Structures are given as structure tokens and as C-alpha cells.
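Scroll down for the structure; my scribbles are underneath it.
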Amino acid sequence: MALPKGIPTLKHFVTKRYTRPDNVWCTAGILEDITRCETDTYLQPPYTDHFPIVTIVDMPQVRTLPTPSHNFRMADWEAFCEDLSTRVLEMPEPAEITTKEELQEAAAALTNAMQETIKATIKVNKPCPNSKRWWNMELDNLRREVNKLSRLAYRFRAFPEHECHEEHRLQANEY
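Just remember that this note's numbering sits 67 ahead of the position in the sequence shown, which is counted from 1.
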């Protein structure tokens, strides 16, 4: 049993007596990892007779660190195209490709030009482990706009017919 003996888990509504009808059972392997198992009377919800049982299990997590990548969403594509075109112009003149080696050399030269352009013009993104991959600048701007309108609507809360309330509702729905 994970819950130590003698800890009450219920307070009867009528008699106000403490009893222990609830037990916490677990296997011997898990029992070694339980660091805390006790009732917390302060967390008892209203109109309930049972106390919540707080169990903390020590389960270490191995977190993988996100690898840095290039942030193509925030790229300046005009600068990218300009840099790439100058690098492509520095490559040898186009000629008819007749052998497998010529094809490999041309592909390697083009790939190298693109990789160098990416390194030069696109910023490296260092994601936080808690970052949301789907979040973008458009959502950030919409959130700022909704927050501004929310403050304005709160300022004019005494006037429910004010136009800012409808504007806030529409902007919040779009966000």
C-alpha cells in the first residue's frame, strides 16, 4: 500500500468522523518510485466527503533538445533571390551534360550555391522546447490587435452600444 496506515481519506458529512475507506495499492516496483502519497485536506472540493490523495511518482524524463534550423518563414526573399542569382552567375557557363560525372558536378555546384545562400541570408532558428511550431507572426499580430481592442472595450464597458465592442468581437473571432 502506498498510502501510509492511519491517514484518513473521508470525513463523514453527518457525524464529522474521519475514516479510511480508500487505499492506494501499487506494485513493489512502483512503490520504490513513489516519493509522496498522502491526503491533502486543503484541496478538498466543496460538498464532497473524500479528501484528495496526492501521489507523486519519481519518473525521470529524457528530453530531446530541438535542433537549430533555418527560419524560412521570416526570410527576406528578395535578398535571398539576389544573393542566389549572384552565386549562380559565378558558376561555370551552362553546357550540355553528357556524362554522369558532369551531371553530378553541376548538381553539386547548384546545391552548394543554394546552401551558401541559405547560410548567408536566412537566420538560424533556435527553438525553445516549449515553443509552438504552428505559431507565426500573423497570429502574433492578431493577438496584439485583440489585446488592444480588449483594453478599449474594457474602457468603454459602461457603454454596451459602443462600436469598439463589436469590433473586438469580430477581431477575437478572427484570432
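We put the CB at the ideal spot given by N, CA and C, even for glycine.
Every value quoted in this text rests on a predicted model; they were computed, and no experiment measured them.
Proximity winner among the options, relative to residue i (alpha-carbon distances)
{"i": "Pro133", "options": "Glu212, Lys193, Phe226 and Leu70", "result": "Lys193"}
{"i": "Thr131", "options": "Pro196, Ile185 and Pro75", "result": "Pro196"}
{"i": "Leu70", "options": "Glu99, Thr82 and Val81", "result": "Glu99"}
{"i": "Ile123", "options": "Cys93, Phe147 and Thr165", "result": "Cys93"}
{"i": "Leu77", "options": "Thr106, Thr102, Met68 and Val91", "result": "Thr106"}
{"i": "Arg222", "options": "Pro161, Ser152 and His235", "result": "His235"}
{"i": "Gly73", "options": "Pro161, Arg87, Lys83 and Val81", "result": "Arg87"}
Nearest-angstrom Cα separation, counted from residue j out to residue i
{"i": "Glu149", "j": "Glu230", "result": "46 Å"}
{"i": "Leu216", "j": "Arg140", "result": "27 Å"}
{"i": "Tyr85", "j": "Ile97", "result": "28 Å"}
{"i": "Val155", "j": "Asn179", "result": "10 Å"}
{"i": "Tyr260", "j": "Glu233", "result": "Given a span of 68 to 242 for the chain in the structure shown, any question on residue 260 remains unanswerable."}
{"i": "Met201", "j": "Ala239", "result": "Checking the displayed sequence, the identity of residue 201 turns out to be Trp instead of Met. Distance between the alpha carbons of Trp201 and Ala239 is about 18 Å."}
Same chain only: Cβ atoms within 7 Å of residue i, ignoring 5 sequence neighbours per side
{"i": "Ala176", "result": "Met158"}
{"i": "Glu183", "result": "Arg154"}
Beta-carbon proximity list for residue i, same chain, < 6 Å, skipping 5 on both sides
{"i": "Ser136", "result": "Asn192"}
Chain-order list of residues whose beta-carbon lies under 8 Å from that of residue i (same chain, five-residue window excluded)
{"i": "His117", "result": "Thr76, Leu77, Asp89 and Gln111"}
Original post:
Which parts of the stretch 117-165 are runs of the alpha helix (DSSP H), unbroken and 4 residues or longer, counting only runs that do not cross its ends?
Top reply: Inside the stretch 117-165, DSSP marks whole alpha helix (DSSP H) runs of 4 or more residues at positions 144-156, from first to last along the chain.
**OP:** Pick out the complete beta strand (DSSP E) segments inside the stretch 82-116, 3 residues or longer, and give them in chain order.
**Re:** 101-106
Original post:
Okay, do the stretch 178-193 and the stretch 141-161 touch, 3+ Cβ pairs below 8 Å being the bar?
Top reply: Yes, the stretch 178-193 touches the stretch 141-161.
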